[in-house]
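Remarks on the structure that follows.
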Amino acid sequence: MKPRVLSGIQPTGSLHIGNYLGALKHWVQMQPDYESIFLIVDLHAITLYQEPAELLKKIEQTAAIFLAAGIDPKQSPVVVQSLVPGHAELTWLLTCTTPVGWLERMTQYKDKSSKQESIGDGLLQYPVLMAADILIYQANVVPVGDDQSQHLELTRDIAQRFNALYGDTFVMPATKLPTVGARIMGLDDPAKKMSKSTEGPGHAISLLDPPSVIRKKIMRATTDSLPGVDYDDMGAGVANLLTIHQAFSGWTDDQMKAHFAGMRYGDLKKQVAEAVVAGLEPLQARYAEITADPAYLRSVLRESAQRVMPIAEATVRLVKQRMGVYVG
Ligand code: AQP
């Protein structure tokens, strides 16, 4: 039996190179060695208001990007979270055993709630839904970017607490972070992580940006006032550009240093832009093919949900039995 991998992405906007380098790229690489399930977490997306017609479009766009990046749906189901009712059901059951103080401490909650005038309860419960996504499939490994590490720790706390209260029920999932690209920063502000929901034309590189747009965004990226790359005194913007290059090129630290040390920022940016353009070219070509056949994409989503449903139902039934909830 291969260990089971579970991960997901919110269909909240255009997927960017942070989502790709922090998550999607590694999912593709892990497929042969793991039994994988990949989620499009639309129930997470609605913890903040989404324009309904736009959300529907983004769900299918995200699915198409998964396939274009190299997820093989025959091997790894691509599941829209809301098609499997067990996610919401298990969330309620876990909510009842999760102290509210654990949720109020989450950095992402504090960050996102501080930007809202009034906060929906869903934003606070977001990490419980994420715990349910993982625990419902009894996943062994969860590959994510660095920003999700805290939620993964909480998932383990939730699972441990449940197991302690009701007996061994959940597998304890391990976090898997990429060695390069775990936190890609905004091109306009390297103090903030690149994010789908951050506005600004120069903030993120979308996976579907045409080459001319990619080049323009990188040439305008924030660096610092030094003339060129100095490995002993490096600003966050330059470090971010080098990380992006390394994550796409796969060069070692030594290769990077030998090539880029002393290079002027204009030349560095040109080379980073070309690495990104070349790295995204195959994905963009496959995306065009996949979206030309919407019926195929919809059949993948329907069949994927059918495939995972029995696993989800079995876990929910077990959890209910453990808690003494009536299962008939
Ligand atoms: N900047 C990033 N660098 C590396 N990895 C990242 N991820 C997100 N941003 C970066 C990883 O992408 C996966 C999917 O993330 P998500 O869509 O579930 O939500 P998020 O982490 O909140 O990502 P965004 O882009 O910032 O979305 P919004 O703006 O909608 O909240 C995760 O594995 C994440 O770690």
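Each residue of the sequence shown is one higher than the one before, starting from 461 at the first, in the working numbering. C-beta atoms are modelled at their ideal positions from N, C-alpha and C, and glycine is treated no differently.
{"Query": "Segment contact, 8 Å Cβ cut-off, at least three pairs: the stretch 686-704 with the stretch 644-659", "Result": "yes"}
{"Query": "Inter-residue spacing [alpha-carbon to alpha-carbon] between Ala-765 and Pro-471", "Result": "17 Å"}
{"Query": "Beta-carbon proximity of Leu-583 to Ser-573, cut-off 8 Å", "Result": "yes"}
{"Query": "Backbone CA spacing between Val-698 and Val-736 [nearest angstrom]", "Result": "15 Å"}
{"Query": "Nearest-angstrom Cα separation, counted from Trp-562 out to Leu-595", "Result": "18 Å"}
{"Query": "Secondary structure of Met-632, DSSP reduced to three states", "Result": "coil"}
{"Query": "Reduced DSSP secondary structure (H/G/I, E/B, other) of Val-797", "Result": "Residue 797 lies beyond the range of the chain shown here (461 to 788); nothing can be said about it."}
{"Query": "For Asp-493 and Phe-410, the rounded distance between their alpha carbons", "Result": "Residue numbering for the chain in the displayed model covers 461 to 788; residue 410 lies beyond these limits and cannot be assessed."}
{"Query": "Beta-carbon spacing of Ser-666, His-476 below 8 Å", "Result": "yes"}
{"Query": "The beta strand (DSSP E) enclosing Arg-464, as first and last residue numbers", "Result": "464-469"}
{"Query": "Touching by the beta-carbon criterion (3+ pairs, under 8 Å), the stretch 663-677 and the stretch 737-751", "Result": "yes"}
{"Query": "Distance, Val-544 Cα to Ser-496 Cα", "Result": "16 Å"}
{"Query": "DSSP-derived helix/strand/coil call for Ser-496", "Result": "strand"}
{"Query": "Heavy atom of ligand 1 within 7 Å of Thr-703 beta-carbon", "Result": "no"}
{"Query": "Strand pairing of Val-602, partner residues [DSSP]", "Result": "Thr-635"}
{"Query": "Closer than 7 Å: Val-822 CB and nearest ligand 1 heavy atom", "Result": "There is no way to answer for residue 822, as the model of the chain reaches only from 461 to 788."}
{"Query": "Test item: CB-CB of Gln-491 and Gln-535 under 8 Å", "Result": "yes"}
{"Query": "Beta-carbon proximity check, Tyr-626 vs Ile-771, cutoff 8 Å", "Result": "no"}
{"Query": "Per-residue DSSP class, three states only, for Arg-643", "Result": "coil"}
{"Query": "Inter-residue CB distance, Asp-502 and Val-540 (contact presumed, cutoff 8 Å)", "Result": "6 Å"}
{"Query": "When Glu-734, Asp-571 and Pro-638 are compared against Lys-652, the one with the closest alpha-carbon", "Result": "Asp-571"}
{"Query": "Lys-653 in three-state terms, based on DSSP", "Result": "strand"}
{"Query": "beta-carbon Ile-497 near ligand 1 non-hydrogen atom, thresh 7 Å", "Result": "no"}
{"Query": "Own chain partners of Val-465 with C-beta closer than 6 Å, once the 5 adjacent residues on each side are dropped", "Result": "Met-490, Tyr-494, Ser-496 and Val-601"}
{"Query": "Endpoints, alpha helix (DSSP H) assigned at Val-419", "Result": "Because the chain spans 461 through 788 in this model, residue 419 falls outside it and cannot be assessed."}
{"Query": "Separation of Lys-730 from His-719, as counted between CA atoms", "Result": "14 Å"}
{"Query": "Option in Gln-521, Pro-537, Met-679 and Met-590 with minimal Cα separation from Glu-749", "Result": "Gln-521"}
{"Query": "Val-760 versus Val-538: straight-line alpha-carbon distance, rounded", "Result": "7 Å"}
{"Query": "Paired residues, beta bridge with Val-538 - DSSP", "Result": "Phe-498"}
{"Query": "Distance, Arg-724 Cα to Val-732 Cα", "Result": "12 Å"}
{"Query": "Integer Cβ distance of Gly-468 from Leu-516, believed to fall under 8 Å", "Result": "Incorrect: roughly 17 Å between the Cβ atoms, too far for contact."}
{"Query": "Ser-759, DSSP secondary structure in three states", "Result": "helix"}
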